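All remarks here apply to the structure that follows.
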Amino acid sequence: MSTDARHRGAEAPLPFGAGVKGLGRDVERGVSRAGGEAEPQRPGDPDVRRRQGAPLERSPAGEPAAAAAPVGGPDLLGFLDGEGGEPMGLGGARALSEPVARALAGPNLLGGLEAAMGPASSDARFSPTAEAVSAALGALRSVGSRGASRVESSVGSSVSSPAVDAVAVAIQPSEPFAHLGARVLSGLASAPRVALIGHPELPDLGPHLVAALLDAGLEPWRLAAFARAGGEALREAAARPMVAMDLIDLDPVEGLTLDRLRRLRRLAAESEGSAQRQASLEEHAGVGGRPGDAPEAAPEAAAGGGDPWFGLGAVDRPPAPILVRPRLARRLYLGVEADSEGEASLPEADVAEAAELAVEQAFGRGALGGFASDAATSVLVRPDLFSAFTACLLETLEETDEDPWFAPPPWVQRDRGSRALRDLAAGRRRVLDEGATLIHERRLDRQVPCGLVFTNVEPRMKLGGEMCVPGTLSLVRALRESSAR
Numbered sequence: 256m257s258t259d260a261r262h263r264g265a266e267a268p269l270p271f272g273a274g275v276k277g278l279g280r281d282v283e284r285g286v287s288r289a290g291g292e293a294e295p296q297r298p299g300d301p302d303v304r305r306r307q308g309a310p311l312e313r314s315p316a317g318e319p320a321a322a323a324a325p326v327g328g329p330d331l332l333g334f335l336d337g338e339g340g341e342p343m344g345l346g347g348a349r350a351l352s353e354p355v356a357r358a359l360a361g362p363n364l365l366g367g368l369e370a371a372m373g374p375a376s377s378d379a380r381f382s383p384t385a386e387a388v389s390a391a392l393g394a395l396r397s398v399g400s401r402g403a404s405r406v407e408s409s410v411g412s413s414v415s416s417p418a419v420d421a422v423a424v425a426i427q428p429s430e431p432f433a434h435l436g437a438r439v440l441s442g443l444a445s446a447p448r449v450a451l452i453g454h455p456e457l458p459d460l461g462p463h464l465v466a467a468l469l470d471a472g473l474e475p476w477r478l479a480a481f482a483r484a485g486g487e488a489l490r491e492a493a494a495r496p497m498v499a500m501d502l503i504d505l506d507p508v509e510g511l512t513l514d515r516l517r518r519l520r521r522l523a524a525e526s527e528g529s530a531q532r533q534a535s536l537e538e539h540a541g542v543g544g545r546p547g548d549a550p551e552a553a554p555e556a557a558a559g560g561g562d563p564w565f566g567l568g569a570v571d572r573p574p575a576p577i578l579v580r581p582r583l584a585r586r587l588y589l590g591v592e593a594d595s596e597g598e599a600s601l602p603e604a605d606v607a608e609a610a611e612l613a614v615e616q617a618f619g620r621g622a623l624g625g626f627a628s629d630a631a632t633s634v635l636v637r638p639d640l641f642s643a644f645t646a647c648l649l650e651t652l653e654e655t656d657e658d659p660w661f662a663p664p665p666w667v668q669r670d671r672g673s674r675a676l677r678d679l680a681a682g683r684r685r686v687l688d689e690g691a692t693l694i695h696e697r698r699l700d701r702q703v704p705c706g707l708v709f710t711n712v713e714p715r716m717k718l719g720g721e722m723c724v725p726g727t728l729s730l731v732r733a734l735r736e737s738s739a740r
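In my numbering, the protein residues as written are 256 to 740.
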């Protein structure tokens, strides 16, 4: 039996069924998750804020702010349920590019980066400039906005987005810091408040970024950082139908975590919609209506001034999106014209140099051994160069097999059952089933596979189109100009 078989016991169960109703807006926070009674604590309670050592701030609605503080402050649910305030808009968010870049490139994060990234910690991807953050912000689609905006879905199509109450931005160590900063600013531009969900490999990143933006003048009620303990914070955000979620590179092959979050959101939205309809029916029945009658539209709703999602009470307001930004997968070109300006062409005159560049961009330090969200994932090669390039590529890979510069960072290797390595194993099986040929596989000290190179990859295969497997590189023949894309 293959040692790459995916271990499914690593995923924490989600609170489905009857437990969903307790995750709605009217959840009683006096009951602990272990089932015992706990003293109710509201984030806005002045006594609670004093015990936490946090200053009393005022939110736009006149109530004490939910969270100015990083991890360990008021609870995530209290912050997400905050009321009042408006999004900053794109202009206001873009003005924060400089403090975001300073915070993410600051020396205070160096220790944590070295522990998580190893040799890659000194790479330029972790020292963004204000210009890079601003450019990344301009390239992002909005997570959600006031009104009828469009957002990019996980498969690249557009979907309608309702107004959102908040945005939960999840940190992922595979992405460049400029892209992370842009996602935070995109959330601030789109919603009144942003919850920054941390990653256990970079525990200081979220609090440090929040503190820097507060020092730059950002209102404390707009942004807070929270730890992600076993995915609990992601599940709590998913159970809030009007909280948009901005994720990246989350189970790109099998999507198990994403599927569970979407199931939880659907159940929570159905539960909340049923409660709203029941309350509307009870209110209608209390003024002379019969039980079961649909409520009449309010005059302001009938005139077009009310909430357009509810109408006569039969249509629920659609939930906010769970936006999964795909890997920033890059394709390299050899002897073939690149599709766009952002994609790189390898030197046709020197195939050996082209192979070295391809290995560096697919598995080098800046590519996090292939697990970076912006690592090169495929090379489109002109047929007459294919054999020579493949031979040079394999020779270069053999030279780098023992070089830690080209190994995955510690956050990938630390746990053989990690999500990244499980996705790699799952992608390996799926690609082989589709008929691709594995021509190189690097093995780490504990026999964990990485650095996979596939040939005979065709555009019709999932690896040639919709699926992107981290830690792999695929070689594709450009047979015809029309079929190469």
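Yeah, the Cβ is synthetic: ideal placement off N, Cα and C, and Gly gets one too.
Note that this is a predicted model, so its numbers are computed, not measured.
With the rule of 3 Cβ pairs closer than 8 Å, the region 447-459 counts as touching the region 421-439. Per the DSSP secondary-structure output, residue 729 pairs in a beta bridge with 633 and 709. For residue 716, the three-state secondary structure derived from DSSP is coil. For the pair residue 383 and residue 359, the CB atoms are nearer than the 7 Å cut-off.
About 7 Å separates the beta carbon of residue 662 from that of residue 699, a gap short enough to meet the 8 Å contact definition.
Scanning 642, 478, 636 and 722 for the CA closest to the CA of residue 439 turns up 478.
Ranked by Cα distance from residue 389, the options 361, 363, 356 and 372 are led by 356.
If you keep only unbroken beta strand (DSSP E) runs of at least 3 residues inside the region 618-686, you get 631-636. DSSP, reduced to helix, strand and coil, places residue 501 within a strand of the structure shown. In this structure, residue 667 lies near residue 675, with their beta-carbon atoms less than 7 Å apart.
Taking all protein chains in view, the Cβ of residue 352 is crowded by 16 or more other Cβ atoms within 10 Å, so the residue is classified as buried. Residue pairing by DSSP places residue 698 opposite 704 in a beta bridge. Counting only residues of its own chain and dropping the five nearest sequence neighbours on each side, residue 599 has a CB closer than 6 Å to the CB of 587. Nearest Cα to residue 436 within the set 348, 641 and 616: 348. Residue 585 sits in a strand when the DSSP states are folded into three classes. Of the candidates 626, 642 and 486, 486 places its Cα closest to the Cα of residue 331.
Straight-line measurement puts the Cα of residue 727 at about 5 Å from the Cα of residue 707. For residue 471, same chain residues with a beta-carbon under 7 Å away, outside a window of 5 residues either side, are 351 and 354 in chain order. The region 632-639 makes contact with the region 717-732: 3 or more CB pairs, one atom from each, lie closer than 8 Å. The DSSP-derived three-state label of residue 517 is helix.
Bridge pairing for residue 426: absent [DSSP]. Contact between residue 652 and residue 579 does not hold, since the beta-carbon distance rounds to 31 Å and is not under 8 Å. The alpha-carbon of residue 657 is positioned some 13 Å away from that of residue 618. A direct Cα-Cα distance of roughly 26 Å separates residue 515 from residue 431. Around the beta carbon of residue 734, fewer than 16 other beta carbons sit within 10 angstroms, so the residue counts as exposed.
Setting aside the 5 residues that flank it on each side, residue 433 is surrounded in the same chain by 383, 387, 388 and 391, each with a C-beta closer than 6 Å to its C-beta; the list follows chain order. Contact annotation, residue 375 with residue 659: C-beta distance approximately 10 Å; criterion of less than 8 Å not satisfied.
Beta-bridge partners assigned by DSSP to residue 692: 710. Across the set 525, 510, 647 and 520, the C-alpha of 510 shows the shortest separation from the C-alpha of residue 581. DSSP links residue 580 through a beta bridge to 503. Beta-bridge partners assigned by DSSP to residue 604: none are found. Judged by DSSP secondary structure, residue 724 falls outside any alpha helix (DSSP H); it is assigned neither H nor E. Within the model, the alpha-carbon separation for residue 517 versus residue 602 is close to 44 Å. Pairing residue 482 with residue 494, the inter-Cα distance amounts to about 17 Å. Its Cα nearest to that of residue 648, the residue 616 stands out among 616, 678, 679 and 585. Beta-bridge pairing by DSSP links residue 449 to 422 and 478.
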